[in-house]
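If you're matching positions, the sequence shown starts at 466 in my numbering and goes up one per residue.
Accompanying notes for the structure given below.
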Amino acid sequence: MPNEQFEIGLKVRKEVLGDAYVENNLKNADDFNRDFQQMVTEQAWGGSWGRGILSKQHRSILNLGMLAALNRPHEFKLHFRGALANGLSLAELREVLIQISVYCGVPAAIDAFRLAREVCETEGLDVAHMDGSQ
Numbered sequence: 466m467p468n469e470q471f472e473i474g475l476k477v478r479k480e481v482l483g484d485a486y487v488e489n490n491l492k493n494a495d496d497f498n499r500d501f502q503q504m505v506t507e508q509a510w511g512g513s514w515g516r517g518i519l520s521k522q523h524r525s526i527l528n529l530g531m532l533a534a535l536n537r538p539h540e541f542k543l544h545f546r547g548a549l550a551n552g553l554s555l556a557e558l559r560e561v562l563i564q565i566s567v568y569c570g571v572p573a574a575i576d577a578f579r580l581a582r583e584v585c586e587t588e589g590l591d592v593a594h595m596d597g598s599q
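Written out as structure tokens, the structure reads:
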């Protein structure tokens with residue numbers, strides 16, 4: 466049964482990941498993973514992202530670093546797309562990826578840059594010819 470924290474989490478989750486993605490996850494939930502979907506929405510999105518204090522941009526930056534360190538490519542791409550939706554510029558995201566290279570290692574950063582490029586191509590963003598302000 467959805468509660469207030471679930472509703473907050475659902476709103477934030479949709480803002481970051483997109484309505485279609487979230488609705489598809491919830492629609493495709495079955496008896497095996499329905500409780501997990503509710504828990505993720507309520508706790509991760511409502512209990513963490515929905516707390517305020519840190520901006521969505523700050524939370525996106527944190528997530529990208531953690532996901533790169535944990536080698537979670539699917540979630541990294543999902544949250545890179547979310548970081549773009551949260552208003553982070555390509556220049557800011559490039560700096561995040563460079564920071565990842567220092568703290569997570571060059572191999573993690575190589576993967577992060579490759580995954581980020583895939584997302585940018587999907588989103589129609591030209592990363593090959595960007596200036597420092599993008």
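For each residue, glycine too, the CB sits at the ideal point set by N, CA and C.
Handout entry: Limits of the alpha helix (DSSP H) - the one that residue 566 falls within
Key = 555-569
Practice item. Could you tell me the boundaries of the alpha helix (DSSP H) in which residue 527 lies? Key: 521-535
* To do: Under 7 Å Cβ to Cβ from residue 478, same chain only, skipping five residues before and after it: list those, please.
  => 487, 506 and 510
For this session: Report buried or exposed for residue 485, applying the criterion of at least 16 other Cβ atoms within 10 angstroms of its Cβ.
Result: The residue in question, residue 485, is exposed, as its Cβ has fewer than 16 Cβ neighbours within 10 Å.
### Task
Would you kindly work out how many angstroms separate the C-alpha atoms of residue 513 and residue 594, rounded to a whole number?
36 Å
Tell me, to the nearest whole angstrom, how far the beta carbon of residue 577 is from that of residue 533; I am working on the premise that it is less than 8 Å.
5 Å
Do residue 491 and residue 543 have their beta-carbon atoms positioned less than 8 Å apart in this structure?
no
Next on the checklist: Taking only three categories from DSSP, how would you classify residue 415?
Outcome noted: Residue 415 is absent from the model: the chain starts at 466 and stops at 599.
Margin query: By the DSSP assignment, the alpha helix (DSSP H) with residue 490 in it spans what residues?
Written below: 484-492
Legend entry - Distance between beta carbons of residue 538 and residue 580, contact taken as under 8 Å: 6 Å
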